[in-house]
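In our numbering, the protein residues as written are 3 to 131.
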């Protein structure tokens, strides 16, 4: 079996990320590492490159990490952190909630990182229903 893929949630809001992580814990049956990078270092709304870097390390179970971000500036923070590190993490171009659900469900099957990211990105189609 392949090394497990984790999921990183990058959000401006710690409450939003915690609520989504709670939902994901149920869907992933506790088998998928979900790490949060939410809020600034001093607890305000925003993002933190240090939190993103720590979350990437925490989530990667050896198979890499799929990263989902809630807003444009969170995407920019993730891109900056990924540019500074050689690692196995990919920022998914996906809706935050639907993408995270698809990523965790797919990762829980033992899928590889590219498959997890693809599932998250394909979740965009659910908005058309």
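Glycine included, every Cβ here is placed at the ideal spot set by N, Cα and C.
**Q.** Environment of residue 95 [buried if 16+ CB atoms lie within 10 Å]
**A.** For the purposes of this step, residue 95 is identified with residue 93 of the chain shown, where counting begins at 1. By the neighbour-count rule (16 or more Cβ atoms within 10 Å), residue 95 is not buried but exposed.
Q | CA-to-CA distance, residue 125 to residue 101, given in whole angstroms | A | The residue you call residue 101 lines up with position 99 of the chain shown. The residue you call residue 125 lines up with position 123 of the chain shown. The alpha-carbon atoms of residue 101 and residue 125 are separated by roughly 5 Å.
Q) Quick one: what's residue 13 bridged to in DSSP? A) Numbered from 1 along the chain shown, position 11 holds the residue referred to as residue 13. Looking at the DSSP assignment, residue 13 forms a beta bridge with 40.
Q.
Taking only three categories from DSSP, how would you classify residue 70?
A. What you label residue 70 is simply residue 68 of the chain shown in a count that begins at 1. Residue state, collapsed to three classes: strand.
Q: Note down, in chain order, each residue of its chain lying with its Cβ closer than 7 Å to the Cβ of residue 57, except the 5 sequence neighbours on either side.
A: For the purposes of this step, residue 57 is taken as residue 55 along the chain shown, with counting starting at 1. Correct list, in chain order: 10, 37, 38, 39.
Q: Note down, one range per segment and in chain order, each beta strand (DSSP E) of at least 3 residues found wholly within the segment 53 to 117.
A: Contiguous beta strand (DSSP E) elements confined to the segment 53 to 117 occur at 67 to 71, 91 to 93, taking only those with 3 or more residues.
Q: Pull up the distance between the alpha-carbon of residue 99 and that of residue 21, whole angstroms please.
A: Against the chain shown, residue 99 aligns to sequence position 97. Against the chain shown, residue 21 aligns to sequence position 19. Taking the straight line from one Cα to the other gives about 10 Å.
Q.
Let me make sure I understand the geometry here. Which of 81, 108, 115 has the alpha-carbon closest to that of residue 51?
A. The residue given as residue 51 occupies position 49 in the chain shown. Cα-wise, what sits closest to residue 51 is 81.
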